[in-house]
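Chemist: Just dropping this structure here.
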Amino acid sequence: MDNGPATRKLEPGTPPDHSPAGARLQAVQARLAQAAAEAGRSAAEIGLLAVSKTFGAAAVRDLAACGQREFGENYVQEALEKQAALRDLPLVWHFIGPIQSNKTRAIAEHFSWVHSIDRLKIAERLSAQRPAGLPPLQVCIEVNVSGEASKGGVAPAELPALGAAVAALPGLRLRGLMAIPAPTLDSVAQRAAFRQVRELFDDLKTRGHALDTLSMGMSGDLEAAILEGATIVRVGTALFGERTRYA
Ligand SMILES: *Cc1c(COP(=O)(O)O)cnc(C)c1O
117 MDNGPATRKL
127 EPGTPPDHSP
137 AGARLQAVQA
147 RLAQAAAEAG
157 RSAAEIGLLA
167 VSKTFGAAAV
177 RDLAACGQRE
187 FGENYVQEAL
197 EKQAALRDLP
207 LVWHFIGPIQ
217 SNKTRAIAEH
227 FSWVHSIDRL
237 KIAERLSAQR
247 PAGLPPLQVC
257 IEVNVSGEAS
267 KGGVAPAELP
277 ALGAAVAALP
287 GLRLRGLMAI
297 PAPTLDSVAQ
307 RAAFRQVREL
317 FDDLKTRGHA
327 LDTLSMGMSG
337 DLEAAILEGA
347 TIVRVGTALF
357 GERTRYA
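Sequential numbering of the sequence shown, starting at 117, is according to the numbering used here.
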């Protein structure tokens with residue numbers, strides 16, 4: 117399992133592929149490259165995380181055959197079943213959903229990354245339960261910049277304290293921030309929310325944390341996120357199609 121910088125693990129699709137999965141992957145990579153060019157950034161520094169929740173192992177396998185290696189999941193039981201069915205592939209799994217205390221052991225044992233840390237208690241459990249034979253769990257703190265009380269993520273004011281506490285845990289390696297701003301079609305509002313996340317990220321770095329990961333942007337707003345500095349975009353619908361059950 118590769119736990120180096122996410123940006124180095126994300127290679128473009130291997131041979132040009134004309135399957136539906138290959139065509140969708142190429143279309144998303146083209147959007148990513150276009151946004152990177154507009155931002156004056158190298159596309160190579162932006163990782164594409166394929167969010168496979170609600171889609172089965174066969175859909176993941178199809179995308180993996182086109183060169184995609186990094187996959188994101190929101191539900192532990194669903195993810196473990198897919199991982200078992202895909203054990204023959206060199207995939208890197210990211211947990212991106214809400215985390216219940218009784219699921220931390222499975223997450224610590226079966227994922228390389230967790231993007232959705234928003235409480236110290238959960239971080240402490242993940243650190244304590246990370247198996248000694250594995251590299252530290254690569255983690256992002258989820259920040260709530262939309263102020264929606266119902267949503268996950270730590271309030272910006274609590275970020276410095278949580279960041280310091282998480283960075284001190286031996287089983288974890290703090291890599292950066294993740295955010296899911298309130299959905300909007302207004303690209304100015306999209307950019308304003310992502311800019312706020314990037315400013316919080318920059319602030320955390322000035323406090324002495326060596327961070328390199330800004331996980332933000334999804335199918336509907338990945339361009340705005342890249343323009344504001346995203347280093348990982350998490351894309352589900354644009355790669356797999358519409359989800360038929362709520363997730
Ligand atoms: C479902 C999900 C995504 C992907 O969303 P799409 O709009 O389908 O691209 C990204 N991040 C998180 C945390 C998700 O739950």
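In this text, a Cβ means the ideal position worked out from N, Cα and C, and glycines have one as well.
#1: Whose CA, out of Glu344, Ala175, Leu253 and Ala155, lies closest to the CA of Ser243?
#2: How many angstroms separate the CA atom of Thr123 from the CA atom of Thr347?
#3: Nearest CA to the CA of Arg398: which residue from His231, Ala239, Ile212 and Ala173?
#4: What are the boundary residues of the beta strand (DSSP E) that Gly188 is part of?
#5: In the DSSP assignment, find the beta strand (DSSP E) that holds Arg307 and state where it starts and stops.
#6: To the nearest angstrom, how far is it from the Cα of Gly292 to the Cα of Thr360?
#7: How far does the alpha helix (DSSP H) with Leu242 in it reach, from first residue to last?
#8: Around the Cβ of Ala340, are there at least 16 other Cβ atoms within 10 angstroms (buried) or fewer (exposed)?
#9: Ends of the beta strand (DSSP E) at Phe211?
#10: What I want to know is whether the C-beta of Val261 ends up closer than 7 Å to one or more non-hydrogen atoms of ligand 1.
#11: Expressed to the nearest angstrom, what Euclidean distance is found between the alpha-carbon atoms of Pro131 and Leu355?
#12: Gly188 and Val167 - do their beta-carbons sit closer together than 8 Å?
#13: In this structure, how does DSSP classify Ile223 when only helix, strand and coil are distinguished?
#14: Sorry if obvious, but does the Cβ on Thr353 come closer than 7 Å to a heavy atom of ligand 1?
#15: Which residues does DSSP pair with Ala340 in a beta bridge?
#16: Determine the extent of the alpha helix (DSSP H) in which Gln254 is found, giving its start and end residues.
#17: Based on Cα-Cα distance, which residue from Leu179, Met294 and Leu301 lies nearest to Gly345?
Modeler: Judging by the given coordinates:
#1: The shortest CA-to-CA distance from Ser243 to any of Glu344, Ala175, Leu253 and Ala155 is the one to Leu253.
#2: Note that Thr123 scores 43 on pLDDT, short of 50, meaning its location in the model is unreliable and no value can be drawn from it.
#3: Since the first residue shown for the chain is 117 and the last is 363, residue 398 is missing from the structure and cannot be characterised.
#4: Unbroken beta strand (DSSP E) run through Gly188: Glu186 to Glu189.
#5: Premise fails: Arg307 lies in the alpha helix (DSSP H), Ser303 to Thr322, not in any beta strand (DSSP E).
#6: Spanning the two alpha carbons is a distance of roughly 31 Å.
#7: Element bounds for Leu242: Leu236 to Gln245.
#8: By the 10 Å Cβ count, Ala340 comes out buried.
#9: Run containing Phe211: Val208 to Phe211, per the beta strand (DSSP E) assignment.
#10: Every heavy atom of ligand 1 is 7 Å or more from the Cβ of Val261, so no.
#11: Because the pLDDT of Pro131 is 49, which lies under 50, any placement of that residue in the model is unreliable, and the number read from its coordinates should be weighed accordingly. If you draw a straight line from the Cα of Pro131 to the Cα of Leu355, it comes to about 18 Å.
#12: Less than 8 Å divides the Cβ of Val167 from the Cβ of Gly188.
#13: Judged by DSSP in its simplified three-state form, Ile223 adopts helix.
#14: Checking every heavy atom of ligand 1 against the Cβ of Thr353, one is found closer than 7 Å.
#15: The partner list for Ala340 (beta bridge, DSSP) is empty, contrary to what the question assumes.
#16: Where Gln254 is concerned, there is no enclosing alpha helix (DSSP H), although the beta strand (DSSP E) around it starts and stops at Leu253 to Glu258.
#17: The candidate whose alpha carbon is nearest that of Gly345 is Met294.
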